[in-house]
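Trainee:
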Amino acid sequence: MILAFLIAFLMNGHAEPTDAYIQQNAVKFANLEIPKQLLKNLEGKELLLLGEQHGTNEFPAYAGSIVEALSKTQPVALGVEFPKDLQPVIDQFLATGDENLLRATRFFQDANFHSGRGSIAMVELLKKMRSLHLSVFCFDIPEGSPYATRDTDMAANVLEYMNAHPGTLVVTYSGNVHARLVNGFPGAPNNINMGAEILRLAAGKLTLTNTANLNFVASQGDIWNCMRDSNSNLGFTCDKRNLGPSFGPYARATKWDRYYLKEHDLNDGYAHTVFIRTISASLPFP
3 MILAFLIAFL MNGHAEPTDA YIQQNAVKFA NLEIPKQLLK NLEGKELLLL
53 GEQHGTNEFP AYAGSIVEAL SKTQPVALGV EFPKDLQPVI DQFLATGDEN
103 LLRATRFFQD ANFHSGRGSI AMVELLKKMR SLHLSVFCFD IPEGSPYATR
153 DTDMAANVLE YMNAHPGTLV VTYSGNVHAR LVNGFPGAPN NINMGAEILR
203 LAAGKLTLTN TANLNFVASQ GDIWNCMRDS NSNLGFTCDK RNLGPSFGPY
253 ARATKWDRYY LKEHDLNDGY AHTVFIRTIS ASLPFP
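Be aware that the sequence shown starts at 3, since it is given in my numbering, and climbs by one per residue.
What follows is the structure, given as structure tokens:
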């Protein structure tokens, strides 16, 4: 897993636009409403990568609403940052709704392993996909696989699914580092990111014309995640913790609680942003 050791980065995720740009271009929305402008800007896309901070209630809920809105006009499948070998269990859950199937897996039993990906909110997202009769596929590497090539392998898994399901809009939901369409992130300029690897491995079939990504940004609140901890035998600790408040332009430019912004350019890896001012922690699925 990529540990949340850069709080400012995880709250903002990329180089920030100016206050003036946000004030001129942000589209306010309420609750789980999906702005028409967001849907319009995603027309013609074959792949949408959603980037989040693991361990919140708000981000998975809004991701589910995005997928639902997109599915009204086209076939859509959701990819989740779960180990690929968990796929049979996810398929059984989608078929039966039996939550005990999830509880029986190491992924959901070990919060240190899933680092917030196995949260109550993520199970709610799976339940929403089940209610919509939409496919869900797992693209993360199995436990024990080489970590050094993780993002490249995840990119290959996403492309494998896309190649097997032509004509389906694929939406991936992952940590916001993985979802970047360029490599690197603040403090690690050489980091290989899944989004950039997808474009590279697609060899021209996927470009910035038919691929988009969206980053979820928050200003303050609570989150359940894992962070580096030199005092821990594991090297990290996982817990509920408070973040913010952030005083950057996303939070400062307007007083709105929620808005959508199409970035001026790829903006250091992201084309679109959804700002949710206050987030709340989603605890590990029991």
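Built from N, CA and C at the ideal position, the CB exists for glycine as well.
Remember, predicted model here, so these are calculated numbers, not experimental data.
Once the 5 residues before and after A255 are set aside, which same chain residues still bring their CB inside 6 Å of it?
Mentor: Within the sequence shown, numbered from 1, the residue matching residue 255 stands at position 253. D21, I24, Q25.
Trainee: Can you find the residues in the same chain that come closer than 6 Å, C-beta to C-beta, to R260, ignoring five residues on each side of it along the sequence?
Mentor: For the purposes of this step, residue 260 is taken as the residue at position 258 of the sequence shown. Around R260: F31, I278.
Trainee: Just the Cα atoms here: how many angstroms apart are R119 and P144?
Mentor: Taking the first residue of the sequence shown as 1, we reach residue 119 at position 117. Taking the first residue of the sequence shown as 1, we reach residue 144 at position 142. Each residue's Cα considered, the two are about 14 Å apart.
Trainee: Between N27 and K264, how many whole angstroms is the CB-CB distance? I'm expecting something under 8 Å.
Mentor: Taking the first residue of the sequence shown as position 1, residue 27 is located at position 25. Taking the first residue of the sequence shown as position 1, residue 264 is located at position 262. N27 to K264, Cβ: 7 Å. Contact.
Trainee: Helix, strand or coil for Q55? Go by DSSP, reduced to three states.
Mentor: Counted from its first residue, the sequence shown places residue 55 at position 53. In this structure, Q55 counts as coil in the three-state DSSP scheme.
Trainee: Is the CB-CB distance between S73 and L34 below 8 Å?
Mentor: As a working note, residue 73 is residue 71 in the sequence shown. As a working note, residue 34 is residue 32 in the sequence shown. In this structure, L34 does not lie closer than 8 Å to S73 by Cβ.
Trainee: By how many angstroms is the C-alpha of R202 removed from the C-alpha of G271?
Mentor: Here residue 271 refers to the residue found at position 269 when the sequence shown is read from its first residue. Here residue 202 refers to the residue found at position 200 when the sequence shown is read from its first residue. Each residue's Cα considered, the two are about 14 Å apart.
Trainee: Between P286, L285, L216, which lies nearest to N269 when the distance is taken from Cα to Cα?
Mentor: Walking along the sequence shown from the start, residue 269 turns up at place 267. Per the Cα distances, L216.
Trainee: Ignore the nearest five residues each way along the sequence and tell me which others in F141's own chain have a CB closer than 6 Å to its CB.
Mentor: For the purposes of this step, residue 141 is taken as the residue at position 139 of the sequence shown. Within the same chain, F141 has close Cβ partners G81, M156, N159, V160.
Trainee: So, helix, strand or coil for N27, using DSSP?
Mentor: Translated into the one-based positions of the sequence shown, residue 27 becomes position 25. If DSSP states are grouped into helix, strand and coil, N27 belongs with the helices.
Trainee: Taking the alpha-carbon positions, what's the A166 to I200 distance?
Mentor: Along the sequence shown, one-based indexing puts residue 166 at 164. Along the sequence shown, one-based indexing puts residue 200 at 198. C-alpha separation (whole angstroms): 15 Å.
Trainee: Considering Cα atoms alone, identify which of I92, Y252, G197 is closest to L18.
Mentor: In the sequence shown, counting from the first residue as 1, residue 18 sits at position 16. The sequence given here has Glu at residue 18, not Leu. It is Y252.
Trainee: Is it buried or exposed, S284, if we count other Cβ atoms within 10 angstroms and call 16 or more buried?
Mentor: Taking the sequence shown and counting its residues from 1, one reaches residue 284 at position 282. It counts as buried.
Trainee: Starting from D142, follow the beta strand (DSSP E) in both directions and report where the run begins and ends.
Mentor: Walking along the sequence shown from the start, residue 142 turns up at place 140. Note, D142: beta strand (DSSP E), 137-142.
Trainee: Taking a contact to mean a Cβ-Cβ separation below 8 Å, would you say G177 touches H56 in this structure?
Mentor: Taking the sequence shown and counting its residues from 1, one reaches residue 177 at position 175. Taking the sequence shown and counting its residues from 1, one reaches residue 56 at position 54. Closer than 8 Å, so yes.
Trainee: Using the beta-carbon count (16 or more within 10 Å), is F249 buried or exposed?
Mentor: Looking up residue 249 in the sequence shown gives position 247. It is exposed - the Cβ of F249 has fewer than 16 other Cβ atoms within 10 Å.
Trainee: Y64: which of N43, T213, L127 sits nearest, CA to CA?
Mentor: Translated into the one-based positions of the sequence shown, residue 64 becomes position 62. Looking at the Cα atoms, L127 is the closest of the given residues.
Trainee: Indicate the three-state DSSP secondary structure (helix, strand or coil) for Q39 in the structure shown.
Mentor: What you label residue 39 is simply residue 37 of the sequence shown in a count that begins at 1. Note: Q39 maps to helix in three-state DSSP.
Trainee: Which full runs of the beta strand (DSSP E) of 3+ residues lie inside the stretch 177-239, going along the chain?
Mentor: 213-230
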